[in-house]
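These protein sequences, in sequence, are chains A and B.
Every letter in the first sequence is one number past the one before it in this note's numbering, and letter 166, counting from 1, is 166.
Every letter in the second sequence is one number past the one before it in this note's numbering, and letter 165, counting from 1, is 165.
Note that CB positions come from ideal geometry on N, CA and C, so glycine has one too.
Here the structure is laid out as structure tokens; the discussion comes afterwards.
2 protein chains.
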Amino acid sequence: MLDTSAAVLPASTPGAPPPAPERQRPAAWRIGEAMSLIGRTLAPLRHVVHEGEAICRAGQRFECLYILNSGCAKIFSLAGDGREQMVSVKFRGDWLGLDGIADGHYTCSTVAMDTGEVWIVRYQALLSAASMQPALLSLLHAEMSRQISRERESLMSVCTLPAGARVAEFLRLWADSLDERGLRNDQITLPLSRAEIGNYLGLTLETVSRSLSKLARCKLISFAERRRRDLQIPDIDALAAYVQRSVAPTLQ
Amino acid sequence: MLDTSAAVLPASTPGAPPPAPERQRPAAWRIGEAMSLIGRTLAPLRHVVHEGEAICRAGQRFECLYILNSGCAKIFSLAGDGREQMVSVKFRGDWLGLDGIADGHYTCSTVAMDTGEVWIVRYQALLSAASMQPALLSLLHAEMSRQISRERESLMSVCTLPAGARVAEFLRLWADSLDERGLRNDQITLPLSRAEIGNYLGLTLETVSRSLSKLARCKLISFAERRRRDLQIPDIDALAAYVQRSVAPTLQ
DNA sequence: CGGGCGTTTGAATCAAATCAATTGGAGTGG
DNA sequence: CCACTCCAATTGATTTGATTCAAACGCCCG
């Protein structure tokens, strides 16, 4: 047998090279560059969507990818029985419909939560453009890869955190997503009902409401005057600390 | 504004064409063809792994993709704090390490649960081969897409099912995976401890054990003579029905 | 102003976690 | 071969955290 151990586990070799610089670039720059490249080389169809409008539907034939240029969207997976599960929230720069590539049909439905703009790209057109422009292919791969990682994070939260921390982590990740896009991350206007948040996090709407009230009581968030849907996060790190604390309450 | 509604929502048009035939082919055929293509065109390094051996580690620099030719593997995501979450189980034909493409480092660790063979492909080599052989690119995309869909299914189970059904669904999906690979799906040898299953499903090991005992009491599964880790599934549909029942206990 | 919906909050219930004890194989060494 | 430990798994008793059921509030809109 060949000695392939180095190939399988190069990291086990001591003195491995330091991490590559890809991660250093600010995310906002990455997203802006990506959108610009797509805009330049693919001339995507631009389409304005409004709150509640479907972008693509589960079961529908796969032909296009959708790239969010503005606004935000929610992705639902629906089981054969009635079960409906929100599996992801998407923001500017995120790609929608990637789940349809494998078998030629979308497996999830996507709905706009805001008014925003989606760029529509035919998958075949993307592939042919990519053969001229390898950067486009890298973009597609990076986006798919990121989507795999991101959704694993959700699973982690849902499986390992108690209700309160799950809600806190949800807010933290939302704020993070805004931050990555160069938006202010200390205030959020949630376009989701408590019931939807609950569905996403595997909780009931009452539990979500209670958790938010508790976070407010602890001064980790505060609600705006009138609308209980927009809230402020005075200290994002304190929110992260709250999550940590509930993970290892014994250690600190 | 352009009228792009047809492009955004072609399915809303009545009389859409019937589903494409991609899905009809038996999965075993698809997987076999894929492995054969990879073997022919990429001459991947073949490496035998044993139980407990790491295939790739979180944080390690991304360079290779790993394709399981035999055996099975588990994927772990690890948070900054101690939390460790099993996020996926992989079988023959599945690709490992796709999460590393986005930022140049793997975000998860993968460990063999069996002795098996992984095929090792440098990502760059795959890309250059793919520019000659578009089928290879399709394979990569299909596999990433499938991984996105699959892991959404996990989230669905974990968020919407009670403990007993979650365990039943886990077994059902495992049997399905065997079936897709042309193996017999009426008996499973679990290479996972109760604790690991619990971690995967967001349950404690005691709850997993109780759920399995209950499934056995209901004759939906039965244990082998000595080892409580290999079990038989006399009727896979009955197991599916059990899951359904606990989703909508009022309706039937 | 009144109806409807989303949200909050309380009290009772329940499912799963925790705590704790026992069983049963697998492996080791006398 | 048996006695021994070690660890995985099972099972029971109890606690706890989240759900369920129920009521009330506040906001938006006709």
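Under the three-state reduction of DSSP, which class applies to B:Q124: helix, strand or coil? helix
Proximity winner among A:M156, A:Q133, A:R227, A:A58, relative to A:D103 (alpha-carbon distances): A:A58
Could you give the uninterrupted runs of the alpha helix (DSSP H) lying entirely in the region 124 to 168 of chain A, keeping only those of 4 residues or more? 134 to 160
Chain A contact residues for B:D179, given Cβ-Cβ distances below 9 Å: Result: empty, since nearest Cβ-Cβ is about 17 Å, beyond 9 Å.
Does the beta carbon of B:Q85 come closer than 8 Å to any beta carbon on chain A? yes
With 8 Å as the C-beta to C-beta threshold (strictly closer), list the residues of the region 156 to 178 of chain A near chain B in chain order. M156, V158, C159, T160
Using beta carbons (cut-off 8 Å, strictly below), is A:N185 in contact with chain B? no
If you count every other CB in all the chains shown that lies within 10 Å of the CB of A:Q85, and 16 or more means buried, which is it? buried
Does DSSP put A:A102 in a helix, a strand or coil? coil
Under 8 Å (Cβ pairs) to chain A, residues found in the region 95 to 129 of chain B: L98, D99, G100, I101, A102, D103, G104, H105, T107, C108, V118, I120, L127
Through-space distance from A:E169 to B:E51, alpha-carbon basis: 34 Å
Who are A:H50's beta bridge partners in DSSP? DSSP output for A:H50 lists no bridge partner at all.
Boundaries of the beta strand (DSSP E) in which A:A73 is found, first to last residue: 73 to 78
Using a cut-off of 9 Å between C-beta atoms, extract the partners of B:G202 located in chain A. L155, V158, C159, T160, G202
State the beta-bridge partners of A:M86 as determined by DSSP. A:F76
How is A:Q187 classed by DSSP in three states: helix, strand or coil? strand
With a threshold of 8 Å between beta carbons, is A:A81 in contact with chain B? Looking at the sequence itself, residue 81 of chain A is Asp, so the reference to Ala does not match. Yes, because at least one Cβ of chain B sits closer than 8 Å to the Cβ of A:D81.
Per DSSP, what kind of secondary structure is B:S193 in: helix, strand or coil? coil
Answer yes or no: does any C-beta atom of chain B fall closer than 8 Å to that of A:R152? yes
Between A:T204 and B:I38, what straight-line distance do the alpha-carbon atoms span, to the nearest angstrom? 46 Å
Within 10 angstroms of its Cβ, does B:T189 collect 16 or more other Cβ (buried), or is it exposed? exposed
My output table needs one value for A:Q244: the three-state DSSP class, helix, strand or coil. helix
What are the boundary residues of the alpha helix (DSSP H) that includes B:I31? 27 to 42
If we ignore side chains and look at the alpha-carbon of each, how far apart do B:S88 and B:K74 end up? 6 Å
Is there at least one Cβ from chain A nearer than 8 Å to B:A248's Cβ? yes
Any C-beta of chain A under 8 Å from that of B:R146: yes
Quick one: which chain A residues come within Cβ less than 7 Å of B:A142? I101, A102
Going by C-alpha distance, which of A:R181, A:G202, A:E117 is nearest A:L96? A:E117
Cut-off 6 Å between Cβ atoms - residues of its own chain near A:A54, not counting five sequence neighbours on either side: V111
Backbone secondary structure at B:A58 - three-state DSSP: coil
Just to make sure I have the definition right: I need the residues of chain A whose C-beta is within less than 7 Å of the C-beta of B:Q244. Which are they? D81
If the cut is a Cβ gap below 9 Å, which residues of chain B does A:S77 touch? S149, R152, E153, L155, M156
Between which two residues does the alpha helix (DSSP H) harbouring A:L65 extend? Here A:L65 belongs to no alpha helix (DSSP H); instead the beta strand (DSSP E) covers 64 to 70.
For the alpha helix (DSSP H) holding A:T207, just list the boundary residues, first then last. 205 to 217
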